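Numbering (the numbering used here), first residue to last: 1160 to 1322.
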């Protein structure tokens, strides 16, 4: 395994800080707005997935990838350099970025995406049935409390907390 350079460590640390401290709320707001605009097409009661879900998932992932790439560009780094450094550091025993990697991976998983979209659709339907206007996003991420509560890639519970 190749050694991780100080520059690679710094790059990963910058992304980690950006993602967990600076950008998390904006990213979650983006996800909430995307869900609000697109959740109506989800029909979990069918028990099958439409091709449209895959298209929307790809659009959703692109939103986050574009934000990350924009940040990398702003600090003079390339996505390739980040992913290479991220992979090297992730392979280290007790890698310091494991939690970050798990959160990023979970957020971009198809099953997690569908779960979020279906949950948002149910929330909006309950608000409409009660005659209430759609609730504006609240707190960090648009949902009361932690926007990740109860969600995971496998549906078994929330993803791990950021380091």
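Glycine included, every Cβ here is placed at the ideal spot set by N, Cα and C.
Values in this document were obtained by computation on a predicted structure and should not be read as measured data.
Q. What is the C-beta distance between residue 1247 and residue 1163, in whole angstroms, given that I count them as a contact (C-beta under 8 Å)?
A. 5 Å
Q.
Below 8 Å, how does it come out for the region 1227-1235 and the region 1197-1214: are there three or more Cβ pairs, yes or no?
A. no
Q) Hey, how far is the Cα of residue 1245 from the Cα of residue 1193? A) 27 Å
Q: Could you tell me the distance, in whole angstroms, from the CA atom of residue 1227 to the CA atom of residue 1262?
A: 14 Å
Q) Given residue 1251, which residues of its chain have a CB within under 6 Å of its CB, disregarding the five upstream and five downstream residues? A) none
Q.
By the three-class DSSP mapping on this structure, what secondary structure does residue 1301 have?
A. Residue placement at residue 1301 is flagged as unreliable, the pLDDT there being 40, under the threshold of 50; the coordinate-derived value follows with that caveat. Reduced to three states, the DSSP call for residue 1301 is coil.
Q: Could you name each continuous beta strand (DSSP E) segment of 3 residues or more that falls completely within the region 1229-1279, going from the start of the chain to the end?
A: none
Q. Quick one: is residue 1230 near chain C, going by C-beta distance under 8 Å?
A. Protein chain content of the structure displayed is limited to a single chain, and chain C is not contained in it.
Q | Cβ shell of residue 1220 (< 7 Å), same chain only, five flanking positions each side left out | A | 1267
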